[in-house]
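Enquirer: Position one of the sequence shown corresponds to residue 0 (numbering that gives the first Met the number 0), numbered consecutively onward.
Positions of the beta carbon are idealized from the N, C-alpha and C atoms, including for glycine.
Have a look at this one.
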Amino acid sequence: MNVLAFDIGTKRTGVAFMAEDTGVPVALDTIPHDDPSQLVKEIIKLKLSKNAGIVVLGMPLLLSGKEGKQAQYVKNIGEILRKNGVKVIYVDERYTTPKMIGIDKNSASACNILAIYKDQVNS
Numbered sequence: 000m001n002v003l004a005f006d007i008g009t010k011r012t013g014v015a016f017m018a019e020d021t022g023v024p025v026a027l028d029t030i031p032h033d034d035p036s037q038l039v040k041e042i043i044k045l046k047l048s049k050n051a052g053i054v055v056l057g058m059p060l061l062l063s064g065k066e067g068k069q070a071q072y073v074k075n076i077g078e079i080l081r082k083n084g085v086k087v088i089y090v091d092e093r094y095t096t097p098k099m100i101g102i103d104k105n106s107a108s109a110c111n112i113l114a115i116y117k118d119q120v121n122s
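Written out as C-alpha cells, the structure reads:
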C-alpha cells in the first residue's frame with residue numbers, strides 16, 4: 000500500500016511518500032499553508048493523487064512523552080482527516096528533525112517519520 004507521511008507545522012508541512020513497490024521514503028515538496036482547512040485540503044488532494052491508503056502524521060510529543068500544544072494541533076488535523084475518510088496513523092516524531100544544512104528540514108523530517116512507521120510495521 001502507498002503511504003504518505005506529514006511533519007505538520009502551523010505554516011509549513013513536510014511531506015514524504017513511500018510507494019508500495021519500492022518501500023523507500025522519498026521527500027516531496029513542503030506544503031505552505033495559512034490555516035488547518037487549507038492543509039487538510041492539500042493532504043486529501045495529495046492522498047488521492049498518490050493513491051495512498053494510509054496517512055502517517057508525526058506526533059510532536061514533548062521530551063517527557065506528554066502531549067503539548069503542537070501535538071493537540073496535529074490530533075485536530077488527524078480528526079478532520081478521519082472525518083473525511085482518511086486512514087490516519089500517528090508516529091512519535093521526537094528526534095526526527097535533521098541537523099543537516101541545505102536540505103528542506105520539514106520534508107526530511109517527514110521521511111524520518113515514514114521510516115519509523117515502516118520499522119514499526121515490519122517488526
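Leaving out the 5 sequence neighbours to the left and right, which residues in its chain are closer than 7 Å to MET0 when beta-carbon positions are compared?
Expert: Taking the sequence shown and counting its residues from 1, one reaches residue 0 at position 1. Closer than 7 Å at the Cβ level, and outside the excluded window around MET0, lie GLU19, GLY52 and ILE53.
Enquirer: Looking at the structure shown, is ILE88 part of a helix, part of a strand, or coil, going by DSSP?
Expert: Sequence index remark: in the sequence shown, residue 88 carries index 89 (1-based). Strand, per DSSP.
Enquirer: In this structure, what does DSSP give as the bridge partners for THR12?
Expert: As a first step, residue 12 must be located in the sequence shown, where it is residue number 13. DSSP output for THR12 lists ILE30 as bridge partner(s).
Enquirer: Hey, out of SER48, LEU80 and SER36, whose CA is closest to THR9's CA?
Expert: Looking up residue 9 in the sequence shown gives position 10. When only C-alpha atoms are compared, the closest one is SER36.
Enquirer: From ASP33 to GLU41, what distance separates their C-alpha atoms?
Expert: Along the sequence shown, read from residue 1 onward, the residue named residue 33 stands at position 34. Along the sequence shown, read from residue 1 onward, the residue named residue 41 stands at position 42. When rounded, the distance between both Cα atoms is 12 Å.
Enquirer: Specify, as a first and last residue, the run of the alpha helix (DSSP H) that LEU60 falls within.
Expert: To locate residue 60, count along the sequence shown from 1; it is residue 61. Segment: none, LEU60 is in no alpha helix (DSSP H) and carries neither H nor E.
Enquirer: On a CA-only basis, which of ARG81, GLN71 and LEU62 is nearest ILE43? Give me that one, please.
Expert: Stepping through the sequence shown from its first residue, residue 43 is reached at position 44. Out of ARG81, GLN71 and LEU62, ARG81 has the C-alpha closest to the C-alpha of ILE43.
Enquirer: With the cut-off set at 7 Å, would you say GLY77 and VAL90 are in Cβ contact?
Expert: Walking along the sequence shown from the start, residue 77 turns up at place 78. Walking along the sequence shown from the start, residue 90 turns up at place 91. Not in contact: GLY77 and VAL90 (Cβ atoms no closer than 7 Å).
Enquirer: Are the CB atoms of PRO125 and ALA107 nearer to each other than 7 Å?
Expert: The structure shown does not extend to residue 125, since the chain is modelled only from 0 through 122, so no value can be given for it.
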